[in-house]
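Here our numbering is used: position 243 in the sequence shown is 356, and no number is missing along the way. Read through the structure below, which is laid out as structure tokens, and then see the notes.
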Amino acid sequence: MIREFNLTTSKGNQLQISTYLNEKLSPSNAIIFVHGFKGFKDWGFGPYLSKYFSDRGFFVVSFNFSHNGFGNNKTEFTELDKFANNTISLEVSELGDIIDLMKNGSFDLEIKGKIGILGHSRGGAVTLLTVSKRNDVSSVALWASISKLDRYSERQKSEWKKKGYFEVLNTRTNQLMRLNVTLLEDIEKNSSDTLNLEKSVRNLNCPLLIAHGDQDLAVPINEAEQIYSWADKSKTEFYKIFGTGHTFDITHPFNGTSEKFEKLLNKTAIFFERNLTL
């Protein structure tokens, strides 16, 4: 069973939610899927992986961050003003809200078991920053996660501050998408504290799976190696997937799975089954 609805965050923003439940399996444990930059819950592999994990016995929640640029249109960015005003701190706050709302029964299902989180790309970084400050998440899986938030050259940052915005091209839709300087200010202001990824990984107190394709051009595999170098090795698995890139041979619109993606799904499911079992 799939349900779609909106929830209001602690800051008054709207989150679009999809939940996946296989009623025959009566799940007690949950997985939250966190999309990345220019991503959305229904991109490519999103619905497929959500159904996959629900069929493995988990209650699955996927959602759109309030400022990811999507309005009521499921396939196109229609709220570019919100996209421009997004920040990492806002996404961390919203993931925290999702966890809190799940625990208090806002999803019409009381989660009596454990919660795991799966973050892709920038969603992996947001997951680390969120979970490191909590003790109610039992495992974290990272797919192609970034290890640094400041991904811009000094020249780019100088122009960004001068103009007040920075533009990125969405090659799928051919849209030029603005990022306001508030994003850069958020990263620079909080990089030593609330947005410190190294500190977050070192403070993580639950099992961690790091999965990354060795042909990832968007986020090089050395970023996964960096995260692994910070992590507690006794609680961490590093799964390198050879011959695949940032989305594991999956495209949008979704036109079928791939051998590499199926291996990744199975590896991740085994990880969650082992660490979310009561």
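For each residue, glycine too, the CB sits at the ideal point set by N, CA and C.
DSSP three-state call for W273: helix, strand or coil? In the sequence shown, residue 273 corresponds to position 160, counting from 1. Helix, per DSSP.
Could you check what DSSP says for F190 in three-state terms: helix, strand or coil? Translated into the one-based positions of the sequence shown, residue 190 becomes position 77. DSSP places F190 in coil when its eight states are reduced to three.
Distance, Cα to Cα, L377 vs K275? Residue mapping note: residue 377 aligns to position 264 of the sequence shown, counting from 1. Residue mapping note: residue 275 aligns to position 162 of the sequence shown, counting from 1. Their Cα atoms are separated by approximately 43 Å.
G229 to E338, Cα distance in whole Å? Taking the first residue of the sequence shown as 1, we reach residue 229 at position 116. Taking the first residue of the sequence shown as 1, we reach residue 338 at position 225. The alpha-carbon atoms of G229 and E338 are separated by roughly 22 Å.
Exposed or buried, S234, counting other C-beta atoms within 10 Å across all chains shown (16 or more means buried)? What you label residue 234 is simply residue 121 of the sequence shown in a count that begins at 1. S234 comes out buried.
Using alpha carbons as the reference points, say which of D168, N217, L322, S219 lies closest to A257. By 1-based counting over the sequence shown, the position of residue 257 is 144. Comparing Cα positions, the closest option is L322.
8 Å Cβ cutoff met for K227 and L389: Working through the sequence shown from its first residue, we reach residue 227 at position 114. Working through the sequence shown from its first residue, we reach residue 389 at position 276. Against a cut-off of 8 Å, the Cβ pair of L389 and K227 comes out as a contact.
Evaluate contact between the stretch 132 to 146 and the stretch 162 to 172, counting only Cβ atoms and requiring at least three cross-stretch pairs below 8 Å. yes
Three-way DSSP call (helix, strand, coil) for V173 in this model: Within the sequence shown, residue 173 is the residue found at index 60, counting from 1. V173: strand per DSSP, three-state reduction.
Look at T286 and E386 and say whether their C-beta atoms are less than 8 Å apart. Counting from 1 along the sequence shown, the entry for residue 286 is found at position 173. Counting from 1 along the sequence shown, the entry for residue 386 is found at position 273. No. Outside cutoff.
How many whole angstroms separate the CB atoms of G232 and V147, which I take to be in contact at a CB cut-off of 8 Å? For the purposes of this step, residue 232 is taken as the residue at position 119 of the sequence shown. For the purposes of this step, residue 147 is taken as the residue at position 34 of the sequence shown. With a Cβ gap of about 4 Å, G232 and V147 count as contacting.
Residues near S167 in its chain [Cβ-Cβ closer than 7 Å; skip 5 each side]: Within the sequence shown, numbered from 1, the residue matching residue 167 stands at position 54. Counting only residues of its own chain and dropping the five nearest sequence neighbours on each side, S167 has a CB closer than 7 Å to the CB of Y133, L134, N135, V173.
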